[in-house]
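Notes to accompany the following structure.
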Amino acid sequence: MNNNKQLDLAAFRARIGGAKEYWRSLDELARADALDDAELDEVMFREFPRQAAPLATGVDRRNFMKLMGASMAFAGLAACNRPEQKIIPYTKQPEGLIPGRPLYFATAMTLGGVATGVLAESHMGRPTKIEGNPDHPSSLGATDAFTQASVLGLYDPDRSQVVRHLGEISTWSDFIAGIQPALQAAQKDGAGLRLLTQTITSPTLGAQIQQLLAQYPGMKWHQWEPVNRDNVREGRRMAFGGYVNTVYDFSKANVVVSLDSDFLGSGPGHLRYARDFMSRRRVRKGQTKEINRLYAIESGPSNSGSVADHRLAVRPSQIEGYARAIAAGLGLAAAGGTTEHAKWIATLVRDLQDNRGASVVVAGDEQPPAVHAIVHAINQTLGNVNTTVLVTDPIEAAPANQLESLRQLVTDMNAGKVKALIILGGNPVFDAPADFEFSHAMAKVPYRAHLSLYYDETSLLAHWHIPETHYLESWSDARAHDGVVSIVQPLIAPLYNGRSPHEVMGTLIGGLDQTPYETVRTYWKTKAPGLNFESEWKKWLHDGVAGSAPAPRFVGASTGIPAPAAAKQSSGYEIVLRHDPTIYDGRFANNGWLQELPKPHTKITWENAVLVSPKTAREIGMGDRQREELENERSTWLVELGYRGKTLRLPIWVVPGHPDGVLTVSFGYGREQGGRIAGGEAKFIENPYEHQIAGVNVYPIRFSDALHGAAGATIALLSSGYRIACTQEHQNIEAAGNRGIIRSASFEEYQKNPSFVRESGNEEERRIESMWPGHQYRQTDPDGPAKYAWAMSIDTSVCTGCNGCVIACQSENNIAIVGKDQVWREREMHWLRIDRYYKGSPENPETFHQPVPCMQCENAPCEPVCPVEATSHNQDGLNDMTYNRCVGTRYCSNNCPYKVRRFNFYHYSDFETPALKAMRNPDVTVRTRGVMEKCTYCVQRINAAKIAAEKDDRRVRDGGIVTACQQACPTEAIIFGDLNDPTSRVSQLKREPTNYGLLEELNTRPRTTYLAAIRNPNPEIKAD
Amino acid sequence: MAPNEQTPLHEVRPVTQRIPERFVPVPTIEPGHSFASITDHISSIVLRRKTPAGWVIGFAITFVLVMVLTATIAKLVFVGVGVFGINHPVGWGFDIINFVWWIGIGHAGTLISAILLLLRQEWRTSINRFAEAMTLFAVASAGLYPLLHTGRPWYAYWLFPYPNTMGLWPQFRSPLMWDVFAVSTYATVSLLFWYVGLIPDLATLRDRAPSLLAKRIYGMLALGWRGSARHWYRYEHAYLLLAGLSTPLVLSVHTIVSFDFAVAVIPGWHSTFFPPYFVAGAVFAGFAMVLTLAIPTRKFFRLEDFITMKHLENMGKVMLATGLIVAYSYVMEAFFAWYSGNLYEWYMMTNRWQGPYKHMYAALIVCNGLAPQLMWIRRIRTSAVGLFITAMFVNVGMWLERFVIIPTSLHRDFLPSSWGMYHGTMYDWSMYIGSIGLFLCLLFLFVRFLPLISIFEMRTLLPEAHAEAHEEH
Amino acid sequence: MAQIFHRSTNTISRVTIFGSVFIAGFILWVIGGIVRAPYATDQNVTRDQPVPFSHQHHVAGLGIDCRYCHTSVEESNFAGLPPTATCMNCHAQIWTNANMLEPVRASFASGKPLVWSRVHRLPQFVRFNHSIHVAKGIGCASCHGRIDRMALTYQAAPLTMEWCLSCHRAPENFVRPRGEVFNMAYEPANQEIDGPRLVKEYKIQKLTTCSTCHY
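Chains as they are written, first to last, in this note's numbering: chain A, 242 to 1265; chain B, 1389 to 1861; chain C, 2 to 216.
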């Protein structure tokens, strides 16, 4: 993994003397600031009792034997002579804090510069969970996997913890001293002084940079974001004659056409878009008259494509042709439209024309500017602009063509014009286009400073490295996808001695050094002067939203269609480069939750693969038989990917519905300086030769003239038997007979026969009889104690398979990660998994996502078989799992028809790393080795709500309990509630005709049920 | 091995071979034996001064295997059950396979000693002691698994219903709970039965043991047996009672073990005919194992006179009979799966035939379905070698049967999304081999220090015994 | 044939055979005792504290209400331990130079917290919520014993699961009027009548399912 300069916590503390810096953050919780190092560990120890730690593999065998001997010899005496526990009160208790009760703070996380508003849950001063901020336009209470996982990123022990000069430990003040000469040199005109940032939407930081630019006129500011959106910006410029921002309103759109755009799955505002889009898709008896329709023409499987009513899988280079064909169909003078699927296009066009002003056409970020321009023209002619497509001021502090900006920087560096380079965030050495050879160019700069969360590839090349603060650690601000500003407020003082970009800018600007808080606050004070700033400010912090979105400018897009570029003569396979669905551009490579998160379509974890269509697989020599084998064994072939003289060795993965002749690879993997997780290190590797850096670095084949891929790639099979950690093979839903797992129909069919699910199910489920009346959960005595019947409803027609719920569950319930080798051994621990099924031909199948938590069966097969009653039923119909009683016979898991139970085959939970202990949810027991665990419907939240309700003698209100998965879901596919309340949302959903239970014929009477997937194909295209 | 000092009396044999030998009933003990000769021959095995080299070597090997077992257990306890090949669809693997396998093997002993006794099958006498010992040791090996397959073995005592500070009882509805009772009862009764049977012979050994120490030890174990009429009277009653007690156990134990599966909802487990199927399988396996052990021992200790071809042939017949029941069960299993019209049942069956484990299933049919059919042929049935080979087939076959039932049913159950594969790891194997080592090691100790054939019962087989009996009235 | 055993052997063997049964029984009985004894449960064990704080003095002597120091007992799962500031509210005026209180003053001055050793300790996998018990009319004394008589605080109850269940299975034996919750000296007049009445009135459930305390 990292070079030996990487320090572990202990060493670091020793070096900087005492734990003050490191622990200041935790003082509210441990009040440890005044304790010395040894005491400190004590405090941590007490604060997070490692109750079962002696059982850890390799940890303290002696204690282990003692404990084991004790419990074996004298039944139960293991409990005795426990170490004395300390308890530490505050000296002065913070206001508004009730010990043992969590507090919530509104803040915002940025990805690609764009903010998503969140509420962070804080337990005695430590953030433990991220929730969406209902008041924030980009979130509306939802979160995606990245946001959920960011809390792990905060505590990540591999984060950079100290300022380094030439790799050696240094200090902040040394850095300030060290930079003065460089600034002196730039004093006269500032030429040679360069700033490289990622996309910035923070008004404050933007202002600071402008101020610096004013000080040093010759200085240049460059931007580079590897997940590059230049095409979008340029396309808008072509259409609107200047940098603007476009915001879509899918709630008004009856017809949506996606040209290779994953607007539901990624990009600014995708959570909001998913909510809006799906709000037109929910089918409710009697209420729903019509639902929207989505046409997707895409170059690879995306979340949006998987919920599309009509989907074409085409080569990325063909998309433009389709765009032009649509434009032509709408009477725009567009040359070079495709002739394929003419009928299909014609119908689509008709559908669009029928929905003028109520439709949206979106183009993917990877598509060339021309396509975006065409799309804007189409929206213009359809009258969508200013109705469903709103045009506002750009949200970036300084919109620019980042590729050109970076190119200029590189040329200048090579020309020796750059004297000092300050990099705020980002990792250009790793993720800049290959042909720029950024590292070589950078090496020519005499002064290089780098601010980042990790001591990464770029830091290695920098003279100065400054640890960056996590967004939960420092003050800042940022804009949402629609331009709304959020104040980013910290929940905890910097854990690892980090500095925020504002501080660095402050130093560059010089003068009085302000804290980030003062910087941000003064900026807004000047912006919004007035007597009531204080109350405004308080309100902003409370709501997490500062003011309202900038009003849309009512401008029109030009309907001129750019002339088609000269078609490049291309041979060979077309390669598609995408950011990785779980570790993004590589910045999350050290986040175990995201590494182990199965990728939406392939269900691969811990690495990237070359995705190909079944047909392409056959072409390159993978027979059907071999692919059949892949479905049993979790192994695949290694292939050699050749592109422009470079070759990569990756595993190959066959994806139904992938366009033929296209090779999709995701970049972000192969981090050599990424940290322990990115380095593929895992505790439970049973065959060490498997140990390898997670995934393959694809940036070496990412060129500036083909950022998102191009034709001309070659591929050849190398060897079979490569172990790939995939959590679900390619199941065609018809494969094992009609098990009624996924039930779907077109909206038409539904209207004809709303209760089609009954027929489409396995016929046995209608013949369930029982001689036992079953337990009564009903509220019989109105004056008696409140009785509840908790249940969940999951709407498969609005689930996009975005994985937000999976990480939310992992974060809420302290679920351990197990590492690639264990996942390969089918031992992943996710309580909530998203099953993916295909229907129809493997060439272009329908895709269905089905989140599967514990079904909380009323007749739970797991319960009677547990010999020690570790799993049992509670009065509300929950299927309890009592970890401390479990002896681990695994009988319950065997007998669970849904296979939702998860077993700790090893001591998966990390009981050693103090930082990770601080991260855990104190309301959920951390499971030790040898016990079974499973989804509890977030019983800790249920109990908290019930206690609150009991205390003021009322029932828990509907919506009073929100499970972690429900909270994260952008499309409100998951609804939890009380069946005893006939008016609750969940009861209503259970009365829907489309409601069905998984494997009902087993008479398990699951409390979790599903709503059938309803799609809305165009009757005229049924033929296709 | 060292040849016996005194030439056995039966070397001189009256010539009566005129009629073709196939009309002559094969005796349960070769003619020409006297009380003295029997006693001499059997007790000499134990009391001889010099330990035969063969025994030493065999014991050494098995002892090494026991060490392998110990090492595996240590690793298991310190690191976790993760060392086994189990995973999320397949929660049970070698651990439970071997548990059922061993328990099954045990059955022959109880069957022979109890049921055949009640049925007055006197041919059992020469093999019952041996078979009972085998039962005990098989149960010992089996007992390891339920304990060690758990994630937290140090809490396994929670399975016992005892008054505790948690104010909790175990889950009495769980088949695993029933196992606890079934297996522990079985072990206890088998032990008593075996020990009671040993007492008179222990006395004999006490009286004939050369050294005082040996006398003392055997003396203590003999519990002061003097062979008085009163002793014999009590003894007969006790023995008969125990026989009566253990008869239901033969059926109950494996019935309950089969509930572990029959009670579950998993296709391939959830089946009403498991109890008879399992019991038959158990007896089948048990006899196969008795043969596997008896044939070499018989040769090694020159016991052909006592464990005659008749015994072997009878056991062969029992194997054939039970084998047919087992084969029938396989057919029925498939038939039910088809006839029920249940999607999951039928998929499970076809998956056994065509799925990734189809070879296991094929091997199972060969070993348990076809191999026993050789027992129809008298030539094979009456040849030690033929029997031995068939028995080996059955031993393997019965293990495969459990493999087919456990992982093959689990690895593809209801939701295709959670289908997986199962493979035994190094530790699965070392634990299996280790338990075999334990079993054999104990057997070696047994044959060296205790009479492996019941001396006094053998005496009763002699004509003289019956003569006396007549004179008494 | 020579005797190999002394004649006493007969008696000895008989005795051992019968005796073994009783010995086994006795051992089990002893173990049963040990696991319920203070040795295992820490019941009645006082612990060394930085300051020898006397509940007897403060509660019985001065009549300070529990909630003056344990502020969050009615809102939170955690009853709350008083910050040093709370102590100083009074001890800034009285006993201002008692040696006994030196650590308190030091803590207040330096901001370095007092480190008490926990008296009532539950395992990590047990979730206990003070607020709901108080709200449902379970008195402090029911679990904590006569704190007002403790010169040095100790754990009055064994805190074993069976002890918890004794109340969860039959709350009517322990419930008291809400007004009496913080009254240490409360003696039920006639529990067999009041108990069931209060259980009904306060809608107390007999929660004995696992997820009541374990999750």
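Think of the CB as a built atom: it goes at the ideal place given N, C-alpha and C, for glycine as much as any other residue.
This one's a predicted model, so the numbers in the text were calculated from it and none came from an experiment.
Using a C-beta to C-beta distance shorter than 7 Å, which residues of chain B count as neighbours of residue 978 of chain A?
1731, 1735
Return no unless some Cβ of chain B is closer than 8 Å to the Cβ of residue 166 of chain C.
yes
Return the CA-CA distance between residue 47 of chain C and residue 113 of chain C, expressed in angstroms with no decimal places.
24 Å
In angstroms, rounded to a whole number, what distance separates the CA positions of residue 1557 of chain B and residue 711 of chain A?
50 Å
Going by other Cβ atoms of all chains shown within 10 Å of its Cβ, with 16 needed for buried, is residue 695 of chain A buried or exposed?
buried
Specify, as a first and last residue, the run of the beta strand (DSSP E) that residue 908 of chain A falls within.
903-908
Assuming contact is defined by CB atoms lying nearer than 8 Å, are residue 603 of chain A and residue 485 of chain A in contact in what I supplied?
no
Anything in chain B within Cβ reach of residue 982 of chain A, meaning under 7 Å, just list it in chain order.
1803
Alpha helix (DSSP H) segment containing residue 1160 of chain A, residue limits:
1155-1160
Out of B/1666, B/1499, B/1631, B/1617, point me to the one whose CA is closest to residue 1647 of chain B's CA.
B/1666
Contact check, residue 1823 of chain B vs residue 1529 of chain B, beta carbons under 8 Å
yes
Could you round the C-beta distance between residue 751 of chain A and residue 349 of chain A to whole angstroms and report it? I think they count as a contact, below 8 Å.
Rounded, the Cβ-Cβ distance is 29 Å, inconsistent with contact.
Nearest by alpha-carbon distance to residue 110 of chain C: which of C/88, C/123, C/129 is it?
C/88
Look up residue 350 of chain A in the DSSP assignment and say whether it is helix, strand or coil.
strand
Outcome for residue 890 of chain A when other beta-carbon atoms lying within 10 angstroms are tallied against a minimum of 16:
exposed
Is there a Cβ from chain A that is less than 8 Å from the Cβ of residue 1563 of chain B?
yes
So is residue 327 of chain A in contact with chain C if we call contact Cβ pairs under 8 Å?
yes
Per DSSP, what kind of secondary structure is residue 1822 of chain B in: helix, strand or coil?
helix
May I ask you to report which of helix, strand or coil DSSP gives residue 379 of chain A?
coil
Between the C-alpha atoms of residue 813 of chain A and residue 1081 of chain A, what's the straight-line distance to the nearest angstrom?
28 Å
Roughly how many whole angstroms lie between the Cα atoms of residue 609 of chain A and residue 480 of chain A?
13 Å
Proximity winner among B/1714, B/1431, B/1444, relative to residue 1829 of chain B (alpha-carbon distances)
B/1444
In whole angstroms, give me the CA-to-CA distance for residue 163 of chain C and residue 697 of chain A.
55 Å
Mind pulling the alpha helix (DSSP H) runs of 4 or more residues that sit fully within the segment 1410-1477 of chain B?
1423-1435, 1441-1467
Residue range of the unbroken alpha helix (DSSP H) whose run includes residue 593 of chain A
583-595
Alpha carbons only, please: which of B/1798, B/1747, B/1756, B/1827 is nearest the one belonging to residue 1719 of chain B?
B/1756
Who pairs with residue 691 of chain A in a beta bridge, going by DSSP?
A/664, A/706
What is the C-beta distance between residue 960 of chain A and residue 879 of chain A, in whole angstroms, given that I count them as a contact (C-beta under 8 Å)?
5 Å
Taking a Cβ distance cut-off of 7 Å, strictly less, list which residues of the segment 1421-1440 of chain B are near chain C, in chain order.
none
Any beta carbon of chain C sitting closer than 8 Å to that of residue 1604 of chain B?
yes
Top-ranked residue by Cα proximity to residue 62 of chain C, from C/51, C/152, C/100
C/152
Assess contact between the segment 1471-1488 of chain B and the segment 1518-1536 of chain B, defined as three or more Cβ pairs (one per stretch) separated by less than 8 Å. Is contact present?
yes
Residue environment, residue 1452 of chain B, which counts as buried when at least 16 other CB atoms sit within 10 Å:
exposed
Can you look up residue 289 of chain A in the DSSP assignment and give me helix, strand or coil?
In this prediction, residue 289 of chain A scores a pLDDT of 38, lower than 50, which makes its location untrustworthy; the coordinate-derived value is nonetheless stated afterwards. Residue 289 of chain A: coil per DSSP, three-state reduction.
Minimum Cβ-Cβ distance from residue 1110 of chain A to chain B less than 8 Å
yes
Measure the CB-CB distance between residue 590 of chain A and residue 625 of chain A and report whether it falls below 8 Å.
no
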